[in-house]
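Counting in the working numbering, the sequence shown runs from 760 upward without gaps.
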Amino acid sequence: MQHTDVNTLGEFGLIEHLTRDFPLRQPSTLKGVGDDAAVIDNGPFCTVVSTDMLVEGIHFDLAYVPLKHLGYKSVVVNLSDIYAMNAFPRQITVSIAMSNRFSVEALEELYAGIRAACDAYNVDLVGGDTCSSPKGLTISITAVGQCEKELLTYRNGARPGDLICITGDLGAAYLGLQLLEREKRIWQENPGVQPDLENQKYAVGRQLKPEARRDMIEAFRKNELKPTAMIDVSDGLASDLFHICKQSGTGALVEESGVPIHPDTQMLALKFKLDPITCALNGGEDYELLFTIDPNDAEKVKYLPDIYIAGEILDAKDGIKLNTKGGNLHELKAQGWVHF
Ligand code: ADP
Ligand code: MG
760 MQHTDVNTLG EFGLIEHLTR DFPLRQPSTL KGVGDDAAVI DNGPFCTVVS TDMLVEGIHF
820 DLAYVPLKHL GYKSVVVNLS DIYAMNAFPR QITVSIAMSN RFSVEALEEL YAGIRAACDA
880 YNVDLVGGDT CSSPKGLTIS ITAVGQCEKE LLTYRNGARP GDLICITGDL GAAYLGLQLL
940 EREKRIWQEN PGVQPDLENQ KYAVGRQLKP EARRDMIEAF RKNELKPTAM IDVSDGLASD
1000 LFHICKQSGT GALVEESGVP IHPDTQMLAL KFKLDPITCA LNGGEDYELL FTIDPNDAEK
1060 VKYLPDIYIA GEILDAKDGI KLNTKGGNLH ELKAQGWVHF
């Protein structure tokens, strides 16, 4: 057997490579691999399914992530993928693999967070699996949601002329992580020192306790707005916009001045000598929604709070570009992860 390093393909290349020889056989499989969630036709409604895995040491660090927050976030990131299909989550399953370092009390904390998310988002925990593992903690959550077929919103529906919209604000979760990582390093070198989070409640909160944009999907329904394409911002604006453009066969132009960034994020970025727009483009874990709308729906969006129009979908030949505040055009690239 040859040994090809998975890093030669990158995350998205690897998924494509492994799943390319799986033709969809079932007429009820409306969407397989490649979107925020799979879609199964179930008569009047469609079932939407999404899975995410979180591995200790890769996705979370228990040095600064309380188990309760971890449980909450593990659920929320999955629900976010269901909302990104314009669907509502209904059930979750939770599977855990853990070493004997975790006590019953510790796992109760994790489940207190999972319960809080079930309460907040009105979903039922309906199953899962539990096993031991030689090291660390791994959490895999599957979320199941529901949507009328004609309201489902895929990554591939953007058309040239559509407006690019972003909810909330971007970049804060990444900076929250930088702050927590910095304090961890200081603490490791000098265990007597108390962490100084500089009262950066906003960024730390965005990292440790993200929320999914259920309110936006509810607002879309109320205002009879259906985005043409949608994705949740989990990997950063650049990467997630790239997915929409690639699958829609389009290009895009984003205005730096249109990308929402919280004032606390701006200030914190400067402290870390980072450009705030770089944090928004490449940071990730914001769990906001990135979607496109028909320009005729611009009026509807204008009256909805917390939605920002940040650019326009272009022809594929125009590429995916950022127009900076200084008036320079930059090519945007999808990053994803590049190494294990
Ligand atoms: P997201 O960031 O929205 O969670 P991912 O980038 O993890 O999406 O996954 C992209 C697509 O690839 C999804 O449709 C997902 O179900 C699919 N996928 C990811 N890993 C695998 C795998 N190992 N086998 C089959 N499909 C996968
Ligand atoms: Mg997603």
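Every residue, glycine too, gets a C-beta built ideally from N, C-alpha and C.
Predicted, not measured: the structure shown is a model, and the values here were computed from it.
Grouping DSSP H, G and I as helix and E and B as strand, with all else coil, what is residue i?
i, result
"Leu1063", "coil"
"His1089", "strand"
"Ser858", "coil"
"Ile774", "helix"
"Lys1032", "coil"
"Ala796", "coil"
"Met1026", "helix"
"Thr806", "strand"
"Ser1016", "helix"
"Lys827", "helix"
"Val952", "coil"
"Leu783", "coil"
"Leu821", "coil"
"Ser891", "strand"
"Gln947", "helix"
"Asn1055", "helix"
"Gly1010", "strand"
"Thr767", "helix"
"Asn1082", "strand"
"Ala1069", "strand"
"Glu815", "strand"
When you compare only the Cα positions, how much space is there between residue i and residue j?
i, j, result
"Thr912", "Val798", "11 Å"
"Gly1095", "Lys1059", "Any reading at Gly1095 is ruled out, since the residue's pLDDT is 48, under 50, leaving its predicted position unreliable."
"Ile1066", "Leu783", "36 Å"
"Asn982", "Leu967", "31 Å"
"Gly1017", "Asp794", "25 Å"
"Tyr842", "Asn1087", "34 Å"
"Asn1082", "Val1013", "6 Å"
"Leu884", "Leu821", "24 Å"
"Gly1070", "Ile923", "5 Å"
"Ala917", "Pro1054", "11 Å"
"Leu768", "Arg914", "22 Å"
"Phe1001", "Gly772", "14 Å"
"Pro825", "Ser993", "21 Å"
"Leu813", "Leu896", "8 Å"
"Leu777", "Lys1032", "39 Å"
If you measure between the beta carbons of residue i and residue j, is that distance less than 9 Å?
i, j, result
"Ile925", "Glu1047", "yes"
"Val834", "Cys890", "no"
"Thr1051", "Pro986", "yes"
"Tyr880", "Leu838", "yes"
"Leu934", "Leu1027", "yes"
"Asp840", "Asp991", "yes"
"Pro1064", "Glu907", "no"
"Asp921", "Ala988", "yes"
"Pro969", "Lys832", "yes"
"Pro919", "Ile1079", "no"
"Val792", "Asp811", "no"
"Ala865", "Ser892", "no"
"Gly830", "Arg874", "yes"
"Gly995", "Ala1075", "no"
"Val882", "Met844", "no"
"Lys943", "Pro950", "no"
Could you give the uninterrupted runs of the alpha helix (DSSP H) lying entirely in the segment 963 to 1007, keeping only those of 4 residues or more? Scanning the segment 963 to 1007 for uninterrupted alpha helix (DSSP H) segments of 4 residues or longer gives 973 to 981, 996 to 1007, listed from N- to C-terminal end.
What residue ranges within the segment 903 to 943 form continuous beta strand (DSSP E) runs of no fewer than 3 residues, ordered along the chain? List check, beta strand (DSSP E) in window: 922 to 926.
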